[in-house]
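Trainee: Count the sequence shown with the numbering used here and you get residues 328 to 638, in order.
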Amino acid sequence: MITSQKKHVLIYGDAFVDYIANDQRNETFQTFLGGATVNVAAGVSRLGAESAFITVTGDDETSAFVRKELQQEGVNLSFAKQLDAKRVSGVYIHLTPTNDRVFHRYIDETPDIQVEAVDLPVDAFQDASIFHICSGTMFHPTALKTTRAAVCLAKENGTLISVDANIRPLRWESEAYCRETILSFFKDADVVKLTEEELFFLTETSTVEAGIGKMEMFNIPVLLITMGEHGTFAVIHGVETHVRVKPLVPVDTTGAGDAFIAGILRQIHLYGEPKTHGEWLEVISFGNKLGGLCTTKSGALSAMPRIEEIE
328 MITSQKKHVL
338 IYGDAFVDYI
348 ANDQRNETFQ
358 TFLGGATVNV
368 AAGVSRLGAE
378 SAFITVTGDD
388 ETSAFVRKEL
398 QQEGVNLSFA
408 KQLDAKRVSG
418 VYIHLTPTND
428 RVFHRYIDET
438 PDIQVEAVDL
448 PVDAFQDASI
458 FHICSGTMFH
468 PTALKTTRAA
478 VCLAKENGTL
488 ISVDANIRPL
498 RWESEAYCRE
508 TILSFFKDAD
518 VVKLTEEELF
528 FLTETSTVEA
538 GIGKMEMFNI
548 PVLLITMGEH
558 GTFAVIHGVE
568 THVRVKPLVP
578 VDTTGAGDAF
588 IAGILRQIHL
598 YGEPKTHGEW
608 LEVISFGNKL
618 GGLCTTKSGA
628 LSAMPRIEEI
638 E
């Protein structure tokens with residue numbers, strides 16, 4: 328295995344907890360570490376690559392739970408902040424009669440306590456092979472400013488930039504603002520990952536072909552459209568490719584996209600940025616495999632594959 332000269336995959340986002348219903352009555356809940364960037368940070372670490380997470384937590388029991396769980400996953404929290412008044416965000420997840428999970432209600436008691444742009448540690452970016460973000464905090468003005476500053480730091484230090492839209496409409500004041508904000512980051516991205524539905528939402532189209540056409544204006548080097556059991560539609564330096572996935576019987580699709588991008592980030596960190604179309608196909612196939620494996624178990628973080636499962 329080639330070892331990256333950089334120390335870690337760097338991820339910025341909200342620490343998060345999921346309150347998942349115990350049954351379809353949706354009256355009692357269990358607490359789990361959750362959120363897209365949390366899943367990715369832990370997912371990268373589970374795959375044998377070091378991940379570092381920039382976030383903020385507080386002094387309460389939930390924050391302590393989050394820090395303990397992330398540290399047990401091997402995630403480097405040396406760049407994270409702890410501000411006593413902060414309360415970690417959460418989401419109540421209900422179960423439908425067919426046992427599907429739906430995001431029911433977000434909890435955010437301290438939305439204005441965020442990582443500030445001035446708090447971003449330059450050495451974290453200097454030591455990063457790739458910097459990963461999603462839109463989970465961009466709806467907040469301070470977090471949006473911090474995200475933009477973080478992207479600038481990544482560019483200044485020659486760090487690759489990965490963007491996963493990961494759109495949660497309930498957190499945005501309007502669809503138009505959500506769309507405009509997320510699209511504004513694509514011009515600086517080296518890798519962009521969207522679901523098929525997110526592609527349609529962001530481009531206001533109804534077919535993959537039309538959506539890809541509208542995305543051409545951003546000149547994204549590698550665009551990845553995940554399509555569940557149908558694999559990934561990729562545009563690699565202008566060349567369109569369909570990367571299929573091995574059919575599996577899904578148990579729960581929660582977190583599959585996070586497992587997919589964790590696989591992509593892991594491969595780039597350990598082996599460097601792919602230089603050829605063929606190398607990119609191998610990396611995407613690895614991500615597909617991780618996403619597929621995640622669907623064979625229940626939960627999100629609990630279903631993130633470990634390195635021993637794929638070796």
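Built from N, CA and C at the ideal position, the CB exists for glycine as well. No experiment lies behind these values; they were computed from the predicted model shown.
According to DSSP, simplified to helix, strand and coil, what is Thr473?
Mentor: helix
Trainee: From this set, Val570, Ala455, Pro548, Glu556, which residue's C-alpha is nearest His564's C-alpha?
Mentor: Pro548
Trainee: Start and end of the alpha helix (DSSP H) containing Asp450?
Mentor: Run containing Asp450: 449-453, per the alpha helix (DSSP H) assignment.
Trainee: Entirely within the stretch 529-607 and at least 4 residues each: give me those alpha helix (DSSP H) ranges in chain order.
Mentor: 535-542, 583-598
Trainee: Can you grab the Cα-Cα spacing for the pair Ile539 / Asp411, in whole Å?
Mentor: 45 Å
Trainee: Grab the span of the alpha helix (DSSP H) containing Ala492 for me, first residue to last.
Mentor: Element bounds for Ala492: n/a, residue is neither H nor E.
Trainee: Which class does Lys413 belong to by DSSP, given the choice of helix, strand or coil?
Mentor: coil
Trainee: Can you tell me where the alpha helix (DSSP H) holding Gln357 begins and where it ends?
Mentor: Careful: Gln357 lies outside any alpha helix (DSSP H), inside the beta strand (DSSP E) at 356-361.
Trainee: My assumption, with CB atoms under 8 Å, is that Lys413 sits in contact with Thr437. Please give the rounded CB distance.
Mentor: 5 Å
Trainee: How many angstroms separate the CA atom of Glu567 from the CA atom of Asp387?
Mentor: Distance from the CA of Glu567 to the CA of Asp387, rounded to the nearest whole angstrom, comes to 48 Å.
Trainee: Counting only the same chain and skipping the five closest in sequence on each side, list residues whose C-beta sits under 8 Å from that of Ile591.
Mentor: Ser489, Val518, Lys520, Leu551, Val610, Ile611, Phe613, Gly614
Trainee: Please give the ranges of any beta strand (DSSP E) in the stretch 343-410, keeping only runs that are unbroken, at least 3 residues long and fully inside the region.
Mentor: 343-348, 356-361, 378-381
Trainee: Leaving out the 5 sequence neighbours to the left and right, which residues in its chain are closer than 6 Å to Gln453 when beta-carbon positions are compared?
Mentor: Asn484
Trainee: Is the Cβ-Cβ distance between Asn493 and Ala586 less than 8 Å?
Mentor: no
Trainee: Can you list, in chain order, the residues of its chain whose CB lies under 7 Å from that of Val402, leaving out five sequence neighbours each side?
Mentor: Ala368, Ala369, Ser372, Ser378, Phe380
Trainee: Rounded to whole angstroms, what is the Cα-Cα separation between Val365 and Glu507?
Mentor: 25 Å
Trainee: Checking 8 Å against the spacing of the C-beta atoms, do Leu628 and Leu360 come in under that value?
Mentor: The criterion of a C-beta distance shorter than 8 Å is satisfied by Leu628 and Leu360.
Trainee: Taking 6 Å as the limit between beta carbons, can you name the residues of its chain near Leu422, skipping five residues before and five after?
Mentor: Ala348, Gln351
Trainee: Beta carbon of Lys333, beta carbon of Ala455: below 8 Å?
Mentor: yes
Trainee: How would you call Thr355, buried or exposed, if buried means at least 16 neighbouring beta carbons within 10 angstroms?
Mentor: exposed
Trainee: So, are the CB atoms of Val449 and Phe343 less than 8 Å apart?
Mentor: no
Trainee: Per DSSP, which one or two residues make a beta bridge with His335?
Mentor: Ala455
Trainee: For the candidate residues Phe392, Lys624, His569, whose alpha-carbon lies nearest to that of Ala583?
Mentor: Lys624
Trainee: Whose CA, out of Phe512, Ile434, Glu531, lies closest to the CA of Arg475?
Mentor: Answer by Cα proximity: Phe512.
Trainee: Determine the contact status of Gly463 and Gly618, defining contact as a CB-CB distance below 8 Å.
Mentor: Not in contact: Gly463 and Gly618 (Cβ atoms no closer than 8 Å).
Trainee: Quick check on Lys520: does DSSP put it in helix, strand or coil?
Mentor: strand
Trainee: Roughly how many angstroms separate the alpha carbons of Ala561 and Leu608, rounded to a whole number?
Mentor: 9 Å
Trainee: Determine the closest residue to Gly605 out of Pro632, Val570, Asp491, Arg633, with distance taken between C-alpha atoms.
Mentor: It is Val570 whose Cα lies nearest to the Cα of Gly605.
Trainee: Where do the N-terminal and C-terminal ends of the alpha helix (DSSP H) with Ile637 fall, by residue?
Mentor: 634-637
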